[in-house]
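Report on one structure; see the data block that follows.
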């Protein structure tokens, strides 16, 4: 869980920095998009990672969050498929307005999704 905790803390810190530097008042929570395979052939691995992210967020939030702001995880299921992962990142950015994304279990999904995050200038923190 330690690597997920560090990765999540880094992602939350980036999200807070983006919010503050952009002149936007930071919300009550820091939204962090998490892209994982929650269904399909890789689901058992995605569920393990999901639980790790949840445990890390609980621990960080229990200690006061990041600069007093709680972390809110928004999970998106990539089903282990690159095109679904790409669409998931688009949804997290355009609909959910997350300032940072983490996760990225599968290399092929991450390779397809990362250019979308880059296009929208949203950091994609990979925790591997």
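Residue numbers (this note's numbering): 1 to 128. Each residue gets a CB set at the ideal place from its N, CA and C atoms; glycine is no exception. The structure displayed is predicted, hence computed values, not measured ones.
Under the three-state DSSP convention, the category residue i falls into
i: residue 116; result: helix
i: residue 28; result: coil
i: residue 46; result: helix
i: residue 102; result: strand
i: residue 125; result: strand
i: residue 22; result: In this predicted model, residue 22 has a pLDDT of only 46, less than 50, meaning its place in the structure is not dependable; the value taken from the coordinates is given anyway. Reduced to three states, the DSSP call for residue 22 is coil.
Euclidean distance between Cα positions of residue i and residue j
i: residue 60; j: residue 96; result: 22 Å
i: residue 98; j: residue 117; result: 11 Å
i: residue 112; j: residue 63; result: 35 Å
i: residue 71; j: residue 31; result: 6 Å
i: residue 56; j: residue 47; result: 14 Å
i: residue 119; j: residue 86; result: 12 Å
i: residue 108; j: residue 73; result: 23 Å
i: residue 83; j: residue 29; result: 29 Å
i: residue 102; j: residue 122; result: 10 Å
i: residue 104; j: residue 69; result: 24 Å
i: residue 66; j: residue 81; result: 32 Å
Unbroken beta strand (DSSP E) run spanning residue i, endpoints
i: residue 72; result: 70-77
For residue i, the first and last residue of its enclosing alpha helix (DSSP H)
i: residue 89; result: 82-94
Taking contact to mean at least 3 C-beta pairs separated by less than 8 Å, is the stretch 37-51 in contact with the stretch 70-82? A contact exists between the stretch 37-51 and the stretch 70-82.
At least 3 beta-carbon pairs within less than 8 Å: the stretch 79-93 vs the stretch 49-67: The stretch 79-93, when compared against the stretch 49-67, does not touch it at the 8 Å Cβ threshold.
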